[in-house]
Amino acid sequence: MSQQLHLLLLAAGSGRRFASGVSGMSLPKQYVIINGQTVLEHSLAAFKNINLNTVVITVSSNDTRCAKLKLKTDFSLSTTVGGQTRAESVRLGLQALLQAGADGSDWVLVHDAARCCVTGQEIQDLIQRCKTEQRGGLLVSPIHDTLKYSTDGMQVDKTINRDQVFAALTPQMFPLAGLLAALVSAEKQGLSITDESSAMEAMGEKPLMVQGRASNMKLTRADQLPQVEAFLSNKMNIKGD
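Start counting the sequence shown at 17; every next residue gets the next number (my numbering).
#1: Keeping to the same chain, check which residues put their C-beta closer than 6 Å to that of Y47; ignore five residues upstream and five downstream.
#2: Look at the alpha carbon of G206 and the alpha carbon of L43, and state the distance between them as a whole number of angstroms.
#3: Inspect the beta-carbon positions of P141 and V226 and report whether they are closer than 7 Å.
#4: I'd like the span of the alpha helix (DSSP H) that includes K204, first residue to last.
#5: With a threshold of 8 Å, are at least 3 pairs of Cβ atoms found where one atom belongs to the segment 92-108 and the other to the segment 170-179?
#6: Does the segment 195-204 come close enough to the segment 110-130 to have 3 or more Cβ pairs within less than 8 Å?
#7: If you follow the beta strand (DSSP E) that L25 is part of, which residue opens it and which one closes it?
#8: Is the beta carbon of A129 sitting closer than 7 Å to the one on L56?
#9: Which residues mark the beginning and the end of the beta strand (DSSP E) in which K174 is found?
#10: Quick check on L235: does DSSP put it in helix, strand or coil?
#11: What residue does the alpha helix (DSSP H) around V75 start on, and which one ends it?
#12: With a CB to CB cut of under 7 Å and the five nearest residues on each side skipped, what residues in its chain are close to T167?
Quick look at the structure:
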């Protein structure tokens, strides 16, 4: 049986950290307009050349904006209410995919809507590697800054070897049933799960790491807007998109 590919786009966040950086702003970051489109629309557009079967977008329970966007895709698209945490939102999104007809053996790409600068080439690289090796994985970026460890946040205890440290990006790609089982197990154990890879790691898996781009940043602060706007303005000139 052929494994289908689905996208779970996470857009249920309130964006409090982002809004706090702009006087008078109450708009969640995924609905900020950049170059004529919302951040959410830019993120979805990055998958336009990916052979997806279904797209599910998680939104907050009081979200009234997503339905007004009239999102255009070549895929079956629906929304579902997310949870209080990322892990809960992903779990609910995966269950929505199953209800929409996805099979547990299918692949799912989980992506943060706030990462609107992801490129199609990054996504293709991740898909190809995971499918070739039949293992889940994620995009990562090397750390170039010197890293300091501190127990109290006031003084340096030691320097961490950055050659062995990577920043986790999205999308992250795993078999749907395996990821759902990992999230349910982590919840029962009371584990802190910050991304899909950490849930799989808790199950003893060693997810593949696929080189992503440093430009694949997560929009969390208002002062990142000029950089994101500049990137999106020139995105069409990037090879592979």
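All C-beta atoms in this analysis are idealised placements derived from N, C-alpha and C, irrespective of residue type, glycine included.
The short version:
#1: If we look at Y47 and ignore the five residues flanking it on each side, its Cβ neighbours are T54, R81.
#2: One C-alpha to the other measures close to 32 Å.
#3: A small fix is needed here, since residue 141 is Asp in this sequence, not Pro. A Cβ-Cβ contact shorter than 7 Å links D141 with V226.
#4: Secondary structure note for K204: its alpha helix (DSSP H) is the uninterrupted segment 192-205.
#5: Touching, no, given that fewer than three Cβ pairs across the two stretches are closer than 8 Å.
#6: With three or more CB-CB distances shorter than 8 Å, the segment 195-204 counts as touching the segment 110-130.
#7: Per DSSP, L25 belongs to the beta strand (DSSP E) from 21-27.
#8: In contact: A129 and L56 (Cβ atoms closer than 7 Å).
#9: Its beta strand (DSSP E) spans residues 174-176.
#10: Under the three-state reduction of DSSP, L235 is assigned to coil, being neither helix nor strand.
#11: Run containing V75: none in the alpha helix (DSSP H); it sits in the beta strand (DSSP E), 70-75.
#12: Annotation for T167: D173 place their beta carbon closer than 7 Å to its own, counting only its chain and skipping 5 residues before and after.
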